[in-house]
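Asks: Chains as they are written, first to last, in the working numbering: chain A, 413 to 1180; chain B, 54 to 340; chain C, 7 to 168.
Ideal placement from N, C-alpha and C gives every residue a C-beta, glycine not left out.
Being a predicted model, the structure only gives us computed values, none of them experimental.
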Amino acid sequence: MATTLNPAAKAGAQVGRSVPRLEGRDKVTGRAEYTHTMRLPGMLHAKLFRSTVPHGRIKSVDTSAAKKLPGVLHVVTVDDVRKVLPHPYYGPAFHDQPILADGKVRFVGEPVAAVISADPHIAEEAVQLITAEYEELPAIYDEVEALDTNIFVHEELKPAGTFADLKHLKGAKGTNLALDYRLRRGDFDKAYAAAAHKFEHEFKTQKVLHLSFEPFACICDYRETGVTFYDSTQGPSFVRTEMARLLGWPENKVRIKVPYLGSGYGSKLYIKLEALALALSMIARKPVKIAYTFEEMFYQITRHPSTFRIKSGVDKDGRIVARKCEVFWNGGAYADIGPRVTQKSGLTAAGPYDIDNVWIDSYALYTNMTPAGALRGFGVPQLVWAYENHTDMMARALNMDPVEFRRKNLAVEGKPHATGQMLKDHPVDKVMDKVLERMEWSKPFDKGGSGHIKRGRGFAIANKAVISPTTSVAIVNVAADGSATLYCGTVDMGQGSDTAMAQMVAEILNIPAEDVRVTPRDTDVTPYDMGTLGSRSLFHMGHAVRRAAEDARDKLKALAKEVGEPEGSNIPIADLFQKRYGMQAGNVIGSGIYKPDYTPPAPGTGQSPNVTPFWMVAGSGAEVEVDIETGHVKITKLVNVVDCGKAINPKSVETQISGAALMHLGFSMFEKMHLDGGQVTNASLADYKIPGFHDLPSVLESHYVEHDQSNGPFGAKGVGEVATFCVGPALANAIDDACGVRLMEMPLNAEAVYRAIRAKQGKPLEEA
Amino acid sequence: MIPFELAEPTSLAAAVKLLDPDDETVRPIAGGTALMLMMKAGVFRPQKLVSLRKIEAKYSGIAASGDGLRIGAMTTLNAVERSADVKKHAPVVTRTMRTLSNVRVRNVATVGGALAHGDPHMDLPPVLMALGATLTIVGPKGERKLPLEELFTGYYETVLDKNELISEVHVPSQGAKKGAYMKVTTGSADDWPALGVAVVLDADGGAIKSARVVGSAATTKATRLKAAETVLNGKTVDDKLLKAAGDAAIEESEFIADVRGSMPYKRELMRVYVGRAVRAAMQGTGA
Amino acid sequence: MTATRTITFTLNGAPVSADVKPHHNLVELLQTHFGLTGARETCGQGLCGCCTVIVNGRSVSGCLYLASFVDGADVRTVEALDGAGKLSPVQEAFIEASAFQCGYCTPGFILMVTQLLDEHPDPDEEQIKHYLTGNLCRCATYPEVMDAVKLAARKRKAAASA
């Protein structure tokens, strides 16, 4: 697998080298394989008929005209699904999502029926011939209202049994609450009452989407002897387990093959199209492909909209002494991984600050919208949006410099986190200093003259805990010619994991990274991994890979001893095998498994000495120019700094930082899924814009600090999400600095800024 | 896309004959970049498309003469962008092209299609309107001429009958007039405009002898803003005048709300941008 | 059922024919008849650039281009660029500058950058941005693409003078 670009690749010092992507050639020649463009012989296509109402009982579905269209093989509703899968519900936290709508629809766009044909155009035409009648029910959209309403999205809650903190919700009726997470530290009420200064704000984030450029796609090839999926998924092991559960089969009859992913950002986790593809292939008895159009992505998964009510008490010296966080997560119609977002991010809601008295309530709520899940940050960007605006607002109200106010309150190493865990490898101060240095913060700043362009700058800082506890397994196979192959379930969806993992193997086996082959994901071959999510892979899988490579290296050493090589011999590996087996034959197989230590948080208080194996830390600085006549914001400079522990592949780290930051620039400045009565009104790339070349800041800087992650593989940790955290609040803080308006809700688009300016002038712009 | 028939006549006359004045499901297709969007979205479900790609070559091309440009309706936007004649006779059009959609669309989309589609967000119609362009329209009864400013009747609506086709656009030479088009986006920089403002000015120093001002995108159709023109005509440009022109413009425009902005906001944008467009034209910087 | 017709055209230098229906687009034609998956339909609106194909020397959005329209045309796809197994300077530059992540939009970028450099061998940043307006990358590798374009321009110049 050596690339022709680097024929002189050498062994030694593989970690810390900007190895070009191993899969680069396949990607630049258009030959990399993706599920969405894959075809199997005899494959059929399925297209979906979707709900047009946000909440309703299904009175009837008329498929007769569709069935009559020549070329249509099957028109499938949940009744047909039940004949092959008697319990057609799935989900990682709750078994709440039906394979096709079952008696009720809960959001606009929910799949109600599927048409199967050999010709996708015929399937598409047939879908348009299906009609459904609904008894419409009142719908709930707002996450705060969902907590206190008599409109219930689900009749009864059905926890999947996977997570201990959801068990008490089993069978619950008359509620939209899919998890109520709590953290209590110190005595918030008392400390707040005694505080010299009290602040209370409410912030919101909007509904945004991942929009991977390879839309969702899955091909299922079901046979009685076993089932194979070709799947654009970030979590093949989970898919296998869940499909085996639905089938009542052992896992070894279920095979998940994952080609390259046209990215995921969290959207392709857990079950998306797999359960439906399985049912359809069982019914059609042929391979069936579901491949979404761009528009359909708006009906699959989004990021959580949120409302965050935050209260802080500050003492007379500017120290934050008490903080209360109430976070409402809008999970949409099905829980997906929302309860995990609610808990795992909820625990960091108070921010990277040293606060003795903390109260956190974090609520996962069902509503009648497209389900919400993880999106590059697992909820943390929504939290940082709130607490870093709040921080600036307090500093300004206290007439303190926002940066100095933060410095006074930062939770540096050795301080306890709100969970009680002592902070280690948490270089908030280093990250902050790096941002400020690159922003030239100490120099005078030109705020613009008397014209209509005003200038400002802002800063934000944040941390995140990695999801824990999770497990990864890896295998390193050394062939008789000395070449090494890595089998690991981490899905390379663009983050460069294959290359980074190969570098670790190469470092240990003392070979060039370019010579390590990373097998495509295939659960028949690649061992278990919890999932490619939450920046966990480099740390967890990295450890497993390191251990597998060390195991292989140790076995090679043993082999050398066995064939009589002296200690410290540098005999080529191929010669070892030749000596041992008399020809080019045999293998050495090393394996590694990793699961970090973990102490579950105490129920009710969320306290734990070990809630996460590592912390992610990021900071951003922004400079903007605001046109106060129109509200247009030009980003003149954006600096993003993260702590990466150790950069395994420096170029990949930089690309992750800028990519994450620019993606979040879109969420911050203009991206928004518009809804009207539950209907999505901008389900296309023409109307839902994402950042392009002209949206880049005039100056964009990506930096990392290398603060050794003492328990990380080679001192490293993941950086896929971390640069998303601070972009939004840094920009909002800069806008406030420029023109004195504070936006409490994203996106910070021109109209929102203009309206805030007008409101501040006492001349609010009329609503419509 | 769901199935449909495709006809590829080799003459404009034959194309006109294939169109049915009473059948919504039969439509002409030129470049197809806009029409296919409607088909993919299910907004338009054709039984039959009549392709204009194989009609006489004379409908693709640009000719310059003393009184300006004659642009065949099947001329691609890319050809307009590259045309030395367009650059000479209507430099504001050349400048506009760069911000219009993207290279691939410009390579395929046609001038006639961009006009006949009636989409108020398109950039070319307001600019051609400000230049005072005239259309030649061919139908079953023969040819007729129409000032472009009379083409649009509403949101995606034109005066064209279903069996009429634009064959040619006549653009008077810009001459010494100054022109600018300002495309105002409100989210991503590359988006359909929330507002388009085109101005063409006959000016002498800082004084405007006569102005043509057209608003688009924020409005239901590309609209000539005659009240704003009246404010500007015969005056010397200063902040007060431009504000007055902006105020006049919003009074005569019919705004639409969409994901790019509310009506009140688009009004404010127009109030500001009419003046900015005039300034840009005077300074020769307008995109 | 709509009528099928046979079209003939040149695909990456070779004469080919295919039976198409009026509603088939160019991406589908390339994928189903020729197994070429470098052009991909993502947004379906000509905005993202993933479906870029070169028809008669000009870039088009394959998702908005009826397959019937390439009858008689010269069609080139990304698969033509590494003839005889040698990467083009633009492809090399994208690898060296790390100008992709997931790779889904990459073939479109590669083709458009190739067109850009054919037209403007030494483009400045503004030209690059304008030319690539219709190419979006959700992984947002824009800074790296900018580097790659400049690197590719240098490589092409070096190759031309060699």
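Using DSSP's beta-bridge definition, name the partner residues of Gln509/A.
Replies: Position 97 of the first sequence, counting from 1, holds the residue named residue 509/A. According to DSSP, which records beta bridges pairwise, Gln509/A is partnered with Tyr502/A.
Asks: Taking contact to mean 3 or more Cβ pairs, one atom from each stretch, closer than 8 Å, check whether the stretch 105-118 of chain C and the stretch 142-155 of chain C are in contact.
Replies: With the cut-off at 8 Å, the stretch 105-118 of chain C and the stretch 142-155 of chain C touch.
Asks: Kindly list, in the order they appear in chain A, the residues whose Cβ is closer than 8 Å to that of Gly44/C.
Replies: If you number the third sequence from 1, residue 44/C lands on position 38. Result: Thr441, Gly442 and Arg443.
Asks: What does the alpha-carbon distance come out to for the pair Asn1052/A and Arg667/A?
Replies: Against the first sequence, residue 1052/A aligns to sequence position 640. Against the first sequence, residue 667/A aligns to sequence position 255. Using only the alpha carbons, I get a separation of about 40 Å.
Asks: Counting only runs that start and end within the stretch 105-170 of chain B, where is the beta strand (DSSP E) found for 3 or more residues in a row?
Replies: Listed in chain order, the complete beta strand (DSSP E) runs (minimum 3 residues) inside the stretch 105-170 of chain B are 115-118 and 121-125.
Asks: Going by the beta-carbon positions, is the gap between His533/A and His39/C smaller than 8 Å?
Replies: Within the first sequence, residue 533/A is the residue found at index 121, counting from 1. Within the third sequence, residue 39/C is the residue found at index 33, counting from 1. No, these two residues do not count as a Cβ contact at 8 Å.
Asks: Look at the alpha carbon of Asn18/C and the alpha carbon of Thr653/A, and state the distance between them as a whole number of angstroms.
Replies: Position 12 of the third sequence, counting from 1, holds the residue named residue 18/C. Position 241 of the first sequence, counting from 1, holds the residue named residue 653/A. Going by the C-alpha atoms only, they are around 44 Å apart.
Asks: Taking the alpha-carbon positions, what's the Asp492/A to Leu512/A distance?
Replies: By one-based count along the first sequence, residue 492/A stands at place 80. By one-based count along the first sequence, residue 512/A stands at place 100. Taking the straight line joining both Cα atoms gives about 10 Å.
Asks: Distance cutoff 8 Å, beta carbons only. Does Thr8/C sit that close to anything in chain B?
Replies: What you label residue 8/C is simply residue 2 of the third sequence in a count that begins at 1. Answer yes: the Cβ-Cβ gap between Thr8/C and chain B drops below 8 Å somewhere.
Asks: State the Cα-Cα distance for the pair Glu1178/A and Met323/B, rounded to the nearest angstrom.
Replies: For the purposes of this step, residue 1178/A is taken as the residue at position 766 of the first sequence. For the purposes of this step, residue 323/B is taken as the residue at position 270 of the second sequence. Spanning the two alpha carbons is a distance of roughly 16 Å.
Asks: Between the alpha carbons of Ala1171/A and Asp1149/A, how many angstroms are there, rounded?
Replies: As a working note, residue 1171/A is residue 759 in the first sequence. As a working note, residue 1149/A is residue 737 in the first sequence. Using only the alpha carbons, I get a separation of about 16 Å.
Asks: At what residues does the alpha helix (DSSP H) containing Tyr1166/A begin and finish?
Replies: Here the question's residue 1166/A lines up with position 754 in the first sequence. Element bounds for Tyr1166/A: Ala1162 to Lys1172.
Asks: With distances taken from CA atoms, which of Lys236/B, Thr129/B, Lys274/B and Met91/B is nearest Phe308/B?
Replies: For the purposes of this step, residue 308/B is taken as the residue at position 255 of the second sequence. Checked all of Lys236/B, Thr129/B, Lys274/B and Met91/B; the closest Cα to Phe308/B is Lys274/B.
Asks: Using a Cβ-Cβ distance cut-off of 8 Å, determine whether Thr1011/A contacts chain B.
Replies: Along the first sequence, read from residue 1 onward, the residue named residue 1011/A stands at position 599. False, the Cβ-Cβ gap to chain B never drops below 8 Å.
Asks: For Tyr326/B versus Ser220/B, is the C-beta distance shorter than 8 Å?
Replies: Your numbering for residue 326/B matches position 273 in the second sequence. Your numbering for residue 220/B matches position 167 in the second sequence. No, they are not a contact pair.
Asks: Residues of the stretch 119-144 of chain C with a CB closer than 7 Å to any CB of chain A: list them in chain order, please.
Replies: For the stretch 119-144 of chain C, which is checked against every Cβ of chain A, the residues closer than 7 Å are Lys135, Leu138, Thr139, Leu142 and Arg144.
Asks: Just to confirm my understanding: we take Pro56/B, look at its own chain, exclude 5 residues before and 5 after, and list those with CB closer than 7 Å. What are they?
Replies: As a position in the second sequence, residue 56/B is number 3, starting the count at 1. Nothing listed; no residue qualifies.
Asks: What are the residues in the stretch 42-74 of chain C lying within 7 Å of chain A by C-beta distance?
Replies: Within the stretch 42-74 of chain C, the qualifying residues are Thr43, Gly44, Arg46, Thr48, Cys49, Gly50, Gln51, Leu53, Cys54 and Cys56.
Asks: Kindly indicate the opening and closing residues of the alpha helix (DSSP H) around Val33/C.
Replies: Taking the third sequence and counting its residues from 1, the one referred to as residue 33/C is at position 27. Start and end: Leu32 to Phe40.
Asks: Below 8 Å on C-beta distance, what does Ala1098/A contact in chain B?
Replies: To locate residue 1098/A, count along the first sequence from 1; it is residue 686. Neighbours of Ala1098/A on chain B, chain order: Leu90 and Trp245.
Asks: Tell me the start and end of each unbroken alpha helix (DSSP H) in the stretch 539-570 of chain A that is at least 4 residues and wholly inside, in chain order.
Replies: Fully enclosed alpha helix (DSSP H) runs of 4 or longer: not present.
Asks: Decide if His142/B is buried, meaning its Cβ has at least 16 other Cβ atoms within 10 Å, or exposed.
Replies: The residue you call residue 142/B lines up with position 89 of the second sequence. By the 10 Å Cβ count, His142/B comes out buried.
Asks: Looking at Lys288/B: is its Cβ nearer than 8 Å to the Cβ of Ala256/B?
Replies: Locating residue 288/B in the second sequence gives position 235, counting from the first residue. Locating residue 256/B in the second sequence gives position 203, counting from the first residue. No; because the gap between Cβ atoms is not below 8 Å, this pair is not in contact.
Asks: Classify Asn1161/A: buried if its beta carbon has 16 or more other beta carbons within 10 angstroms, exposed otherwise.
Replies: Stepping through the first sequence from its first residue, residue 1161/A is reached at position 749. Result: buried.
Asks: For a contact meaning CB atoms closer than 8 Å, what does Pro113/C contact in chain B?
Replies: Sequence index remark: in the third sequence, residue 113/C carries index 107 (1-based). The contacting residues do not exist; Pro113/C stays about 14 Å from chain B at best.
Asks: What's the gap between the Cα of Gln51/C and the Cα of Val96/B?
Replies: Start at 1 with the first residue of the third sequence, and residue 51/C comes out as number 45. Start at 1 with the first residue of the second sequence, and residue 96/B comes out as number 43. Straight-line Cα distance between these residues: approximately 14 Å.
Asks: With 9 Å as the C-beta to C-beta threshold (strictly closer), list the residues of the stretch 613-627 of chain A near chain C in chain order.
Replies: Per Cβ criterion, the list reads His622, Leu623, Ser624, Phe625, Glu626 and Pro627.
Asks: Counting only C-beta atoms, is Glu321/B closer than 8 Å to chain A at any point?
Replies: Here the question's residue 321/B lines up with position 268 in the second sequence. So yes, Glu321/B belongs to the interface.
Asks: So, are the CB atoms of Leu681/A and Ile749/A less than 8 Å apart?
Replies: Translated into the one-based positions of the first sequence, residue 681/A becomes position 269. Translated into the one-based positions of the first sequence, residue 749/A becomes position 337. Against a cut-off of 8 Å, the Cβ pair of Ile749/A and Leu681/A comes out as a contact.
Asks: Quick one: list the residues of chain A neighbouring Thr1/C, beta-carbon separation under 7 Å, in chain order.
Replies: The shown model of chain C, from 7 to 168, leaves out residue 1/C, and the question about it has no answer.
Asks: Counting only Cβ pairs nearer than 8 Å, list the residues of chain B close to His39/C.
Replies: Numbered from 1 along the third sequence, position 33 holds the residue referred to as residue 39/C. Per Cβ cutoff of 8 Å: no residues; His39/C is ~17 Å from chain B at best.
Asks: Val1045/A to Pro764/A, Cα distance in whole Å?
Replies: As a first step, residue 1045/A must be located in the first sequence, where it is residue number 633. As a first step, residue 764/A must be located in the first sequence, where it is residue number 352. When rounded, the distance between both Cα atoms is 28 Å.
Asks: Using the Cα positions of Arg332/B and Ile1047/A, report the straight-line distance between them to the nearest angstrom.
Replies: Start at 1 with the first residue of the second sequence, and residue 332/B comes out as number 279. Start at 1 with the first residue of the first sequence, and residue 1047/A comes out as number 635. Answer to the nearest angstrom: the Cα atoms are 24 Å apart.
Asks: Could you tell me the boundaries of the beta strand (DSSP E) in which Gly362/A lies?
Replies: Not covered by the structure: residue 362/A. The range shown for chain A is 413 to 1180.
Asks: Can you give me the Cβ contacts of Leu452/A inside the same chain, cut-off strictly under 8 Å, excluding the 5 residues immediately before and after it?
Replies: Taking the first sequence and counting its residues from 1, one reaches residue 452/A at position 40. The answer, listed in chain order, is Ile631, Asp633, Tyr642, Pro699 and Lys701.
Asks: I think Ala607/A touches Asp727/A, with their Cβ atoms under 8 Å apart; what is that distance to the nearest whole Å?
Replies: Working through the first sequence from its first residue, we reach residue 607/A at position 195. Working through the first sequence from its first residue, we reach residue 727/A at position 315. With a Cβ gap of about 6 Å, Ala607/A and Asp727/A count as contacting.
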